[in-house]
Every structure is written in C-alpha cells, then in structure tokens.
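Below is one structure, written out as structure tokens; comments come after it.
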Amino acid sequence: MTLPQARGFVSAMANAGTKNRPLSPHLQIWKWGPHMFVSILHRVTGDGMAFAGLAVLLWWLGALAGGPASYATFTWAMTTPIGYLVLVGISWAFFSHMASGIRHFFLDVGAGFELQANRLWSILCPVLGVVLTVAFWALLLLR
Amino acid sequence: MGNGTSIGRVRGLGSAKGGVHHWLLQRFTAIGNLLSVLFLIVSLVLLPDYSYGTMVEWIARPVPAVAMILLVVTTFWHARLGLQVLVEDYLHDHANKFAAIAALNLAACGGIAFGVFCIVRIALGAHA
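Line order of the protein sequences matches chains A and B. Numbers 10 to 152, taken from the numbering used here, label the letters of the first sequence in order. Numbers 4 to 131, taken from the numbering used here, label the letters of the second sequence in order.
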C-alpha cells in the first residue's frame, strides 16, 4: 500500500458509519394511533401549564399578598370570557395531564403494553381528562 | 469533537450520566403535584366563596399555607424538568440550548421564590 492509498484508507475508516446510515422513520410514515395522540397531548398540556398555569398561580398568590385592590383586579380578569377560557383551559390541561401521567406510572412498571390495553387507556385518558374537567366546573358552578 | 480518531468523534456524544436522576425527579415531583394540586382543587370546591376575605383566611391557616408552599415548589420543579426536555428536543444549537436552560433555571427559581414569599407574607399577616 502506497502512502496516499494508506491515507485514503484511514480517511474512509474515520468516516465509516457517518454517511448513508439508515435514519429513524419520522412521524409522517406511521399510521396514526391513539397512543401517539395521548403522548403528544401529555407534552402539550404539560408545557402549556408550565407557562399559562404557573403564571396564573403566581398572579393569584401575588394578588392575594398585594391586598384587596390587587385581588379585585385578578378576579375581574379571571371572570372575563377570556379569563374563564384560560381557567377552563388550565383545569382541562391539568386533568388530562394527570390522567396520562398516571398512565405513565403504569407504563413505568411495565404494565399496559399489550396492544388492546395500550389502545384502550390511550383513548380513555383524554376522555377522562374532559369528564373530570366538566365534573370540576359543575361542582364549582352548581353548588 | 475532532474528526480524526474514532474515539475523538464520539467523545461527548454519549449519555449525560444524569438521565436516571432527571427521570426519577420527574416522577417524585409528579407525585407531589398530584397530592398538592388535588388538595387545592378539593379546597376550592369546599370553600363557600372566592372573596378576598375568604381566600386570605383560608390560605393563612397553617395546613393550607404549607400545602400551597409545597405546591409552588413541586409544580415549578416539575415544570422546570419538563421544559428542559422540551429544550433538549427542539433546540439543537449548543449555545441556544445552554442559554435556554440557564433562563429556565432563573425563571423556575424566581417563580418559586415569589410564590413562597407571597404565601409567607399572607400567612404572617403582612398583607393589606
């Protein structure tokens, strides 16, 4: 082997495995299933609450600590149509995230991976989130 | 990361070594969230009204005050861990990722400090 040949060989070895490797298939090639939806919903509701939910929580605590005038501003904002939309949205995000989060606890111990069981709970978790949200607001508004 | 030897090309690309710790803390704080937020939800359902006087009288009591302090700590911690995963999944540039994680840590610590301070202020009667 000549020196240029040897250099080419070493270079090829260094790049081995970095070109034309098979890529992991991405979202668009999969047939959609409820397990994919519940996974994405878990992330969206969680990260949504991290911004909107915690902001409202701090506003509520800050308004209470600030005195009656600041609390009046908070309650005015939260009882506007947009305010109710935000509060209902946060409560829905919480109950949905709670349902899919408890599903994660079962998956963590290795349960619920059978196709039928996985499909069933992937459908039930978002449904449970909506049902609990309706029940919560019914309790608040109808008492 | 060099492009010479095999070891040079893969160095720094392996696991971060803290993954299990992050994963476990996400679960521990999830349990904390479950308990503390359900405490808040049940309390809101049981409270007679949401006037200033009623809310302050409720949150100033020892058990609700401590529960709300724990709620602020556990939810912000959990959110910080969750948003870190979001940053790591969608920000691929090292500098942007570092800046986002740094901002996230500041926001989470600031949120916890503000929330806990507000509750302590109400509970110790310094409000209004």
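Even glycine gets a Cβ: it sits at the ideal position worked out from N, Cα and C. The structure presented is a predicted model; accordingly, all values stated were derived computationally and were not measured.
Three-state class that DSSP yields for residue i in the structure shown
| i | result |
| --- | --- |
| Ala-120/A | coil |
| His-113/A | helix |
| His-35/A | coil |
| Asp-52/B | coil |
| Ala-59/A | helix |
| Arg-152/A | coil |
| Thr-8/B | coil |
| Ser-39/B | helix |
| Leu-16/B | coil |
| Gly-21/B | coil |
| Thr-84/A | helix |
| Ala-102/A | helix |
| Trp-146/A | helix |
| Thr-89/A | coil |
| Trp-26/B | helix |
| Trp-41/A | coil |
| Ala-33/B | helix |
| Phe-78/A | In the sequence as displayed, the identity of residue 78/A is Ala instead of Phe. It is helical. |
Residue span of the alpha helix (DSSP H) that contains residue i, given as start and end
| i | result |
| --- | --- |
| Met-71/B | 65 to 93 |
| Asn-99/B | 97 to 126 |
| Ala-72/A | 63 to 75 |
| Arg-30/A | Looking at the DSSP string, Arg-30/A is not in any alpha helix (DSSP H), and its letter there is neither H nor E. |
Rounded separation between residue i and residue j - CA only
| i | j | result |
| --- | --- | --- |
| Leu-74/B | Arg-12/B | 44 Å |
| Leu-45/B | Arg-64/B | First, the amino acid is wrong: residue 45/B is Val here, not Leu. Cα to Cα, the separation comes out at about 16 Å. |
| Cys-134/A | Phe-103/A | 12 Å |
| Ser-33/A | Met-58/B | 53 Å |
| Leu-149/A | Ser-100/A | 12 Å |
| Ala-102/B | Arg-83/B | 14 Å |
| Ser-9/B | His-35/A | 28 Å |
| Phe-145/A | Gly-138/A | 11 Å |
| Gly-85/B | His-51/A | 11 Å |
| Ala-86/A | Ala-61/A | 14 Å |
| Leu-94/B | Ser-54/B | 44 Å |
| Gly-132/B | Gly-15/B | Past the edges of chain B, shown from 4 to 131, lies residue 132/B, and the structure says nothing about it. |
| Gly-119/A | Val-140/A | 27 Å |
| Tyr-93/A | Lys-20/B | 44 Å |
| Gly-113/B | Trp-68/A | 13 Å |
| Ala-59/A | Ala-129/B | 29 Å |
| Leu-116/A | Phe-122/A | 7 Å |
| Pro-90/A | Leu-49/B | 24 Å |
| Trp-26/B | Val-97/A | 29 Å |
| Gly-76/A | Thr-82/A | 10 Å |
| Ser-39/B | Val-66/B | 11 Å |
| Pro-31/A | Val-90/B | 25 Å |
| Gly-118/B | Ala-98/B | 30 Å |
| Val-136/A | Ile-49/A | 15 Å |
| Ile-104/B | Asp-92/B | 12 Å |
| Leu-124/A | Leu-28/B | 29 Å |
| Phe-120/B | Phe-31/B | 24 Å |
| Thr-88/A | Gly-35/B | 29 Å |
Nearest-angstrom beta carbon gap, residue j and residue i [assumed within contact, 8 Å]
| i | j | result |
| --- | --- | --- |
| Gln-87/B | Leu-107/B | 6 Å |
| Pro-43/A | Arg-112/A | Contact flag wrong, Cβ pair sits at about 11 Å. |
| Ala-126/B | His-81/B | Not really, about 23 Å apart at Cβ, beyond 8 Å. |
| Leu-63/A | Phe-79/B | 6 Å |
| Val-69/B | Ile-115/B | About 15 Å separates the two Cβ atoms, so there is no contact after all. |
Own chain residues within Cβ distance below 6 Å of residue i, not counting five before or after
| i | result |
| --- | --- |
| Ser-131/A | Pro-43, His-44 and Val-47 |
| Asp-96/B | none |
| Ser-79/A | Ala-72 |
Other residues of its chain near residue i: CB distance less than 7 Å, five sequence neighbours each side excluded
| i | result |
| --- | --- |
| Val-65/A | Val-95 and Ile-99 |
| His-106/A | His-51, Thr-54, Gly-55 and Met-58 |
Chain-order list of residues whose beta-carbon lies under 8 Å from that of residue i (same chain, five-residue window excluded)
| i | result |
| --- | --- |
| Trp-39/A | Met-45 |
| Ala-51/B | It should be pointed out that residue 51/B corresponds to Pro in this sequence rather than to Ala. For Pro-51/B, where only same-chain residues beyond five positions count, the Cβ hits under 8 Å are Thr-57. |
| Met-4/B | Model confidence at Met-4/B stands at a pLDDT of 48, short of 50, so the residue's coordinates are unreliable and nothing is read from them. |
| Leu-43/B | Ala-70, Met-71 and Leu-74 |
| Ile-122/B | Ile-62, Ala-68, Met-71, Ile-72 and Val-75 |
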